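So the protein sequences, as listed, match chains A and B.
Once you know that position 93 of the first sequence is 93 in the numbering used here, the rest is easy, because the numbers rise by one and skip nothing.
Just remember that the numbering used here sits 1000 ahead of the position in the second sequence, which is counted from 1.
Number of protein chains: 2
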Amino acid sequence: MQFSSALLENAVNEFAKLPGIGKKTALRLVLHLLKQDTAEVSNFSEVIAKMRSEIRFCQRCFNVADADICSICSNSMRKQEIICVVENIRDVIAIESTQQFNGTYHVLGGIISPLDGVGPDQLNIESLILRVQKEKTEELIFALNPNIQGDTTIYYIQKKIQPLGIRVTTIARGIAFGGELEYTDELTLGRSLQNRMPVENYVSNR
Amino acid sequence: MQFSSALLENAVNEFAKLPGIGKKTALRLVLHLLKQDTAEVSNFSEVIAKMRSEIRFCQRCFNVADADICSICSNSMRKQEIICVVENIRDVIAIESTQQFNGTYHVLGGIISPLDGVGPDQLNIESLILRVQKEKTEELIFALNPNIQGDTTIYYIQKKIQPLGIRVTTIARGIAFGGELEYTDELTLGRSLQNRMPVENYVSNR
């Protein structure tokens, strides 16, 4: 792509560094910003820079925070004795959006994956175990993606935590709402048969 | 979407204002930036703000410029007597990327479209006519999109410019390279038959 303005070219190149944004999309975004008021664009740029420089990670659960402790950990209305263990911040946002969970989180910052060179030491596992020992935790809920790495991580943490005698659960796996039996893979279907639930539970959950 | 950080939420909302970027994509982009160095993100934000506040439009051709006159108009290696009339900046970039044109441009800033309330007065047409009268223009090449609005614009400008006796052309319409006759619409196929070209021209162009 040939640009007649270095300012334009630099802006396009910056946008094109973002994941999933190619040169053509970057150009479209830049030309859109060019049509906006200067004040609006400078606000856009300030908000982004401020987000990166001022955002912190909660010292207790490693979620993003505006202070030392995130708004979930510092909220006395939430059950601090229940910890939901997730892989990353995106999972926190996904679970929060369901508005079905009233406990706290612990963000691991990844999952154990020897093939990718990620071991327990690179993750926030040690801090989770310390936290569980120190606080009066009642239940640990694993909300990890259902794959081998997720299962390995659950197994590893569960082994470490077993002596403490805390209730450890994982979110239900099964057939998604709106899914069709015919197109469900054998593993999911098989497991959902093994882990079948009483209909009264199912009905009361709706 | 529920965020536990206002800084994060504001950044996501700013990205989600961009065209074609929804909340989920915005979140992905923000989380990507969060992983980058602070210096890199502040550079990103500075380049964007600088682009908007410092970019100017060429006083001669209305292309984007870093100074009063754009780099194409101020380039003495380019044929200043040939003007390619285009709708917007994106078209300039598209034509420049072909590296087949060595003249200058005139960006109309839109096309005549009565249905959208765009008349000749909102476009850079008056300035084009003044420019053609003042400069020793030899040829005006219309590179507008092949639709009714484009044709109307060509017709309007051509009528105004006719008395000056300048050569006026339009880029060739026809079947695109790699296109198949079978799937070409009748209008394009019909016109391409009417405007057929000698094979020697075709061969020498390849």
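Think of the CB as a built atom: it goes at the ideal place given N, C-alpha and C, for glycine as much as any other residue.
On a predicted model such as this, the values are computed, not experimentally measured, just so you know.
{"query": "Continuous beta strand (DSSP E) assignments of at least 3 residues falling wholly in the stretch 122-186 of chain A", "result": "139-142, 167-170"}
{"query": "Span separating the alpha-carbon of A:Val41 from that of B:Lys1079", "result": "36 angstroms"}
{"query": "Under 8 angstroms between C-beta atoms of A:Ile112 and A:Gly119", "result": "yes"}
{"query": "Closest by C-alpha distance to A:Gln216, when choosing among B:Ile1093, B:Val1086, B:Gly1117", "result": "The structure shown does not extend to residue 216 of chain A, since chain A spans only 1 to 206, so no value can be given for it."}
{"query": "Backbone CA spacing between A:Asn207 and B:His1032 [nearest angstrom]", "result": "The first residue shown for chain A is 1 and the last is 206, placing residue 207 of chain A beyond what the model contains."}
{"query": "Proximity test, Cβ basis, 8 angstroms: B:Asp1066 and chain A", "result": "yes"}
{"query": "Contact check, A:Glu135 vs A:Ile82, beta carbons under 8 angstroms", "result": "no"}
{"query": "Simplified DSSP assignment, three categories, for B:Phe1015", "result": "helix"}
{"query": "Selection from B:Leu1007, B:Phe1177, B:Thr1169, B:Asn1075 that minimises the alpha carbon distance to B:Ile1141", "result": "B:Thr1169"}
{"query": "Contact with chain A by B:Glu1087, beta-carbon distance below 8 angstroms", "result": "no"}
{"query": "Three-way DSSP call (helix, strand, coil) for B:Ala1065 in this model", "result": "strand"}
{"query": "Contacting residues, own chain, Cβ-Cβ under 6 angstroms from B:Ser1005 (five flanking each side not counted)", "result": "none"}
{"query": "Span of the alpha helix (DSSP H), counted from its first residue to its last, around B:Val1085", "result": "Run containing B:Val1085: none in the alpha helix (DSSP H); it sits in the beta strand (DSSP E), 1082-1086."}
{"query": "Cutoff 8 angstroms: B:His1032 Cβ touching any chain A Cβ", "result": "yes"}
{"query": "Contacts that B:Phe1062 makes with chain A (C-beta to C-beta distance below 8 angstroms)", "result": "Those within 8 angstroms of B:Phe1062 in chain A number zero; the least Cβ separation is about 12 angstroms."}
{"query": "Pair within 8 angstroms by beta-carbon distance, B:Met1051 and A:Leu27", "result": "no"}
{"query": "Coarse secondary structure for A:Ser113, derived from DSSP in three states", "result": "strand"}
{"query": "A:Ala11 vs B:Ile1048 beta-carbon contact at 8 angstroms", "result": "yes"}
{"query": "Chain A within 8 angstroms of B:Val1041, Cβ atoms only", "result": "yes"}
{"query": "Partner residues on chain B for A:Thr38, Cβ-Cβ distance less than 8 angstroms", "result": "Arg1052, Ser1053"}
{"query": "Whether A:Ile175 touches A:Ser192 by CB criterion (8 angstroms)", "result": "yes"}
{"query": "Closer than 8 angstroms to chain A by CB, B:Val1168", "result": "no"}
{"query": "B:Val1092 - containing alpha helix (DSSP H), residue span", "result": "1089-1098"}
{"query": "Chain B within 8 angstroms of A:Met213, Cβ atoms only", "result": "Residue 213 of chain A falls outside the range modelled here, since chain A spans only 1 to 206, and no answer is possible."}
{"query": "Burial state of B:Asn1211, where buried means 16 or more other Cβ atoms lie within 10 Å", "result": "Since the first residue of chain B shown is 1001 and the last is 1206, residue 1211 of chain B is not available in this structure."}
{"query": "The alpha helix (DSSP H) enclosing A:Val41, as first and last residue numbers", "result": "38-54"}
{"query": "A:Gly150 versus B:Ala1016 - alpha carbon distance", "result": "31 angstroms"}
{"query": "Minimum C-alpha distance to B:Leu1115 - residue among B:Ala1143, B:Val1086, B:Asn1088, B:Thr1152", "result": "B:Thr1152"}
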